[in-house]
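S.K.: Taking the numbering used here as reference, the numbering of the sequence shown is continuous, increasing by one, and the terminal residue is 552.
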Amino acid sequence: MELLDILQEVTTSSPQTLEDVKIFNLSLIDFWDFGKLLFRLVFTVGVLYVLIRLIYDKGSTGRHEFIFTYFALGVSIFLLCFLLEDVKLELGFALGLFAVFGILKYRTDPIPIREMTYLFVVIGIAVVNALANKKVSFAELFLTNAAILVCVWMLENWLFKNEGHIDIIYERIEKIRVEDRPALIEDVEKRTGL
Numbered sequence: 359m360e361l362l363d364i365l366q367e368v369t370t371s372s373p374q375t376l377e378d379v380k381i382f383n384l385s386l387i388d389f390w391d392f393g394k395l396l397f398r399l400v401f402t403v404g405v406l407y408v409l410i411r412l413i414y415d416k417g418s419t420g421r422h423e424f425i426f427t428y429f430a431l432g433v434s435i436f437l438l439c440f441l442l443e444d445v446k447l448e449l450g451f452a453l454g455l456f457a458v459f460g461i462l463k464y465r466t467d468p469i470p471i472r473e474m475t476y477l478f479v480v481i482g483i484a485v486v487n488a489l490a491n492k493k494v495s496f497a498e499l500f501l502t503n504a505a506i507l508v509c510v511w512m513l514e515n516w517l518f519k520n521e522g523h524i525d526i527i528y529e530r531i532e533k534i535r536v537e538d539r540p541a542l543i544e545d546v547e548k549r550t551g552l
């Protein structure tokens with residue numbers, strides 16, 4: 359009976375605009391909210407692009423597999439927070455979510471500290487941009503994102519610019535002794551050209 363009432367309501371009332379169209383008592387579109395979502399999403403993706411492609415990827419040494427993860431996670435968290443902003447979440451749900459992330463962390467390969475830091479920054483940017491309320495102007499939001507980007511860029515390019523490392527798998531076990539250190543260093547220098 360309820361379905362017939364819905365169909366009768368749809369056929370008898372003719373909507374004037376797209377905002378008046380209702381499907382299961384939900385508006386088809388709310389142009390104000392849609393515009394706000396679109397603007398913030400484009401802004402967030404732009405900030406993530408600067409962070410991931412222009413800062414992280416420039417200083418990255420072969421760790422390009424994290425780029426997809428950073429973008430996907432940043433956009434997903436932004437949309438999740440933005441769309442659930444008005445939903446009251448219970449403490450049990452939040453603890454369950456942390457438990458799921460904790461299980462995922464222990465079930466995956468270890469992530470280096472630098473990549474984990476970028477992951478935290480991506481999550482932070484997505485959450486800040488999604489949950490900024492009406493009391494936060496776009497100028498303040500822009501300044502917050504710019505401060506994060508400048509800080510990360512300065513750390514990446516100035517503080518740790520001359521530091522680097524190379525992982526070497528060395529198969530000559532007999533040379534890995536304190537008394538054979540000069541021979542070990544000579545062999546590694548010859549093989550790597552360092």
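Think of the CB as a built atom: it goes at the ideal place given N, C-alpha and C, for glycine as much as any other residue.
Can you give me the C-alpha to C-alpha distance between Ile481 and Thr375, rounded to a whole angstrom?
M.R.: Numbered from its first residue, the sequence shown carries residue 481 at position 123. Numbered from its first residue, the sequence shown carries residue 375 at position 17. About 37 Å.
S.K.: Of the residues Lys380, Lys492, Val510, which one's Cα is nearest the Cα of Leu477?
M.R.: Position 119 of the sequence shown, counted from the first residue, corresponds to residue 477. Ranking the options by Cα distance to Leu477, first place goes to Val510.
S.K.: How is Ser434 classed by DSSP in three states: helix, strand or coil?
M.R.: For the purposes of this step, residue 434 is taken as the residue at position 76 of the sequence shown. Note: Ser434 maps to helix in three-state DSSP.
S.K.: Does Ile381 come out as helix, strand or coil in the three-state DSSP assignment?
M.R.: As a working mapping, residue 381 is identified with position 23 in the sequence shown. Strand at Ile381.
S.K.: Any idea what DSSP makes of Ala504, helix, strand or coil?
M.R.: Sequence index remark: in the sequence shown, residue 504 carries index 146 (1-based). Residue state, collapsed to three classes: helix.
S.K.: Given Leu399, which residues of its chain have a CB within under 7 Å of its CB, disregarding the five upstream and five downstream residues?
M.R.: Indexing the sequence shown from 1 puts residue 399 at position 41. Around Leu399: Phe436.
S.K.: With C-beta atoms as the reference, is Ala488 less than 7 Å away from Phe440?
M.R.: Residue mapping note: residue 488 aligns to position 130 of the sequence shown, counting from 1. Residue mapping note: residue 440 aligns to position 82 of the sequence shown, counting from 1. Yes, the pair counts as a contact, with Cβ atoms nearer than the cut-off.
S.K.: Quick check on the burial criterion: 16 or more other C-beta atoms within 10 angstroms. Buried or exposed for Asn491?
M.R.: On the sequence shown, residue 491 is found 133 positions in, with the first residue counted as 1. Exposed.
S.K.: Determine whether the beta carbon atoms of Leu507 and Leu409 lie at a separation below 7 Å.
M.R.: Working through the sequence shown from its first residue, we reach residue 507 at position 149. Working through the sequence shown from its first residue, we reach residue 409 at position 51. Contact: yes.
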